[in-house]
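For what it's worth, the numbering used here labels the leading residue of the sequence shown as 111, then goes sequentially.
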Amino acid sequence: MFIHLYSGATLGVDAYLVDVETSLAPGDPRFNIVGLPDNAVKESRERVFAAIKNSGFHYPTGRLSVNLAPADIRKEGSAFDLPIALGTLLTTGEVFSDIAEHYVFLGELALDGALRPVHGALVIALEAKARGVRGIILPKENAKEAGMVDGIAVYPMSCLRETVQFIAGEYKLLQPFKVNMDEIFHADPRYDLDMADVKGQENVKRALEVAAAGAHNVILIGPPGSGKTMLAKRVPSILPPMRFEEALETTKIHSVAGLLAPDTALVSTRPFRSPHHTISDSALVGGGTIPRPGEISLAHHGVLFLDELPEFARNVLEVLRQPLEDGLVTISRSKMSVEYPANFMLVCAMNPCLCGNYGNPAQECSCNPQQIHKYMGKISGPLLDRIDIHVEVPAVKYNELSSKSTGEQSQTIRERVMRARKIQSNRFEGRKGLYSNADMETKEIKEFCGIDEAGVELLKMAMTKLGLSARAYDRILKVSRTIADLAGSESIRSEHLSEAIQYRSLDRNFYAV
Numbered sequence: 111m112f113i114h115l116y117s118g119a120t121l122g123v124d125a126y127l128v129d130v131e132t133s134l135a136p137g138d139p140r141f142n143i144v145g146l147p148d149n150a151v152k153e154s155r156e157r158v159f160a161a162i163k164n165s166g167f168h169y170p171t172g173r174l175s176v177n178l179a180p181a182d183i184r185k186e187g188s189a190f191d192l193p194i195a196l197g198t199l200l201t202t203g204e205v206f207s208d209i210a211e212h213y214v215f216l217g218e219l220a221l222d223g224a225l226r227p228v229h230g231a232l233v234i235a236l237e238a239k240a241r242g243v244r245g246i247i248l249p250k251e252n253a254k255e256a257g258m259v260d261g262i263a264v265y266p267m268s269c270l271r272e273t274v275q276f277i278a279g280e281y282k283l284l285q286p287f288k289v290n291m292d293e294i295f296h297a298d299p300r301y302d303l304d305m306a307d308v309k310g311q312e313n314v315k316r317a318l319e320v321a322a323a324g325a326h327n328v329i330l331i332g333p334p335g336s337g338k339t340m341l342a343k344r345v346p347s348i349l350p351p352m353r354f355e356e357a358l359e360t361t362k363i364h365s366v367a368g369l370l371a372p373d374t375a376l377v378s379t380r381p382f383r384s385p386h387h388t389i390s391d392s393a394l395v396g397g398g399t400i401p402r403p404g405e406i407s408l409a410h411h412g413v414l415f416l417d418e419l420p421e422f423a424r425n426v427l428e429v430l431r432q433p434l435e436d437g438l439v440t441i442s443r444s445k446m447s448v449e450y451p452a453n454f455m456l457v458c459a460m461n462p463c464l465c466g467n468y469g470n471p472a473q474e475c476s477c478n479p480q481q482i483h484k485y486m487g488k489i490s491g492p493l494l495d496r497i498d499i500h501v502e503v504p505a506v507k508y509n510e511l512s513s514k515s516t517g518e519q520s521q522t523i524r525e526r527v528m529r530a531r532k533i534q535s536n537r538f539e540g541r542k543g544l545y546s547n548a549d550m551e552t553k554e555i556k557e558f559c560g561i562d563e564a565g566v567e568l569l570k571m572a573m574t575k576l577g578l579s580a581r582a583y584d585r586i587l588k589v590s591r592t593i594a595d596l597a598g599s600e601s602i603r604s605e606h607l608s609e610a611i612q613y614r615s616l617d618r619n620f621y622a623v
């Protein structure tokens, strides 16, 4: 007897449906799985056998063959356990169903027949909807995730026996699972960290506000203990709330990576990823035999924080260049090529020298000029090209640390950032790929970043007398445009340019490398 069921698998941040074909023939008892299964899929025979027995069903005798099509794509994971078990029971005639072929089945089986959650339920539900499948049956822990897809019936199950009863028609009145979108998405984002926690550093907070308003990449330079990490961790709290489309894209990546918490429907707050400086290039951008998203994709629509930037391996930093430019990363293998979105805000932190005290009036620097030059030279010019704002973070003074007054709350700063982003959204309306000032190229800079004669003279003086590099020119104009947006000004004035110029520390002769 031959049975055909549907399951699903992920490929990048997309999914495809898998035909689970089960056939039972007379002969010596055997259980074969074909269709390029990995070890986790091959091991499903043991889980399926035990789950069927412990659920009170009879395991068939004879030659059982399971084919996972398309057969030219490697299948991985344990999500095929449930459809394989159902196909096995249907081939024997012990279970009869005239609706099973209209559903997609996902789920890992425990030995007692209980269903365990799987990865990628959201993207598989999206693909099932696109293919016109009636519904999707999956573990209860994945219900909220799949329920975000409108237009497809989602039926959460707790075990194999309950699933058998459903496809046999015993739960005809069972209603599909529904998600309350207003409750999940439209609630105000809550962050555990707030800018009000940071003592002093008002100039740095202002720079981070400018960076958030224009989606500019930023680097913080200062001695140890000055609060660079503390400030960076609070950047997501001043970014605009995620739009539904952004939240859905981010959730897809976390779902595929298996990082979505149980019973979580949506990643509704901007992610913050902070990998250690010993990370490999493949862990940062993604990779593996079957490619998985890396840290830069997990930071999609959020913040990627690289602390102690010069301590990262040179090859690791260099692989950031293409994702920063294109907003996505392409991972190629001999038999496949997948793309992962990687549109993130880069926040970096570093000491000004090896000992960390260069330029610190309170501590004497023990590094010689050659050591400082070598330390700063670990960051390549092409990478700095993609960082718009450089901020010096001085050591916090005692009177600021001991002060009982609190700074401005993140919510207040976020409201100003949202107003500036709204101005940019209106400015770039109808222009594909342009959402913020940081996205502007040379053409848009000429169109939207015009300056008057006084501004031209100021910029000329800055370029010559402060020793700013040529790469700083466009960056200053883009940051000036953001500062003007925060001020609600249609034109870029001299004070906007002056503030943008001071955000180019690494281009000055003081830090020349």
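For each residue, glycine too, the CB sits at the ideal point set by N, CA and C.
Helix, strand or coil: how does DSSP classify residue 129 here?
strand
Give the secondary structure of residue 615 by DSSP, where H, G and I count as helix, E and B as strand, and everything else as coil.
helix
Determine the contact status of residue 434 and residue 408, defining contact as a CB-CB distance below 9 Å.
no
CA nearest to the CA of residue 243, picked from 504, 263 and 229
263
Test item: CB-CB of residue 420 and residue 486 under 9 Å:
yes
For residue 566, count the other beta carbons within 10 Å of its own beta carbon; 16 or more makes it buried, fewer makes it exposed. Which is it?
exposed
Where does residue 610 fall in DSSP's three states?
helix
Entirely enclosed alpha helix (DSSP H) segments - the stretch 404-456, minimum 4 residues:
405-408, 424-428 and 431-436
Would you identify the three-state DSSP class for residue 623, choosing helix, strand or coil?
Bear in mind that the predicted position of residue 623 carries a pLDDT of just 42, short of 50, making it too unreliable to give a figure here.
Please list the terminal residues of the continuous alpha helix (DSSP H) segment that includes residue 206.
Per DSSP, residue 206 belongs to no alpha helix (DSSP H) and is neither H nor E.
Using 8 Å as the Cβ pair cut-off and three pairs as the minimum, do the stretch 221-228 and the stretch 183-200 touch?
yes
According to DSSP, residue 246 sits in a beta bridge with which residue or residues?
214 and 264
If I'm right that residue 305 touches residue 348 with Cβ under 8 Å, what's the distance once you round it to whole angstroms?
6 Å
For residue 124, write down the residues that DSSP places opposite it in a beta bridge.
121
According to DSSP, simplified to helix, strand and coil, what is residue 560?
coil
Does the pairing of the stretch 166-181 with the stretch 132-145 give three or more beta-carbon distances under 8 Å?
yes
Looking at residue 484 and the ligand NAP, is the gap between the Cβ and the nearest heavy atom below 8 Å?
Ligands are entirely absent from the displayed structure, and the ligand NAP is therefore not among its contents.
Just mark residue 516 as buried or exposed, buried being the case when its beta carbon has 16 or more other beta carbons within 10 Å.
exposed
According to DSSP, is residue 147 helix, strand or coil?
strand
Buried or exposed: residue 149, going by 16 or more other Cβ atoms within 10 Å of its Cβ?
exposed
For residue 576, does the three-state DSSP call read helix, strand or coil?
coil
Can you tell me the Cβ-Cβ gap for residue 345 and residue 429, rounded? I've got them flagged as a contact below 8 Å.
22 Å between Cβ atoms; not a contact.
Own chain, CB closer than 7 Å to residue 359, minus 5 neighbours either side, in chain order
410, 411 and 451
In angstroms with no decimal places, state the Cα-to-Cα distance between residue 619 and residue 183.
At residue 619 the pLDDT is 47, less than 50, meaning the model places this residue with poor confidence and gives no usable figure here.
Since residue 211 and residue 115 are thought to touch, with beta carbons under 8 Å apart, how far apart are those beta carbons, to the nearest angstrom?
7 Å
Check whether the Cβ atoms of residue 221 and residue 278 sit closer than 9 Å, and answer yes or no.
no
Counting Cβ pairs closer than 8 Å, one from the stretch 516-526 and one from the stretch 326-341, do we hit at least three?
no
Alpha-carbon to alpha-carbon, residue 111 and residue 202
8 Å
To the nearest angstrom, report how far apart residue 352 and residue 132 are at their CA atoms.
44 Å
Contained beta strand (DSSP E) runs [length at least 3] in the stretch 284-335, N- to C-terminal order:
328-331
At which residues does the alpha helix (DSSP H) containing residue 493 begin and terminate?
491-494
Please report the straight-line C-alpha distance between residue 282 and residue 265, rounded to a whole angstrom.
12 Å
Does the Cβ-Cβ distance between residue 214 and residue 261 come in under 9 Å?
no
My output table needs one value for residue 566: the three-state DSSP class, helix, strand or coil.
helix
Whether residue 178 touches residue 146 by CB criterion (9 Å)
yes
Helix, strand or coil for residue 142? Go by DSSP, reduced to three states.
strand
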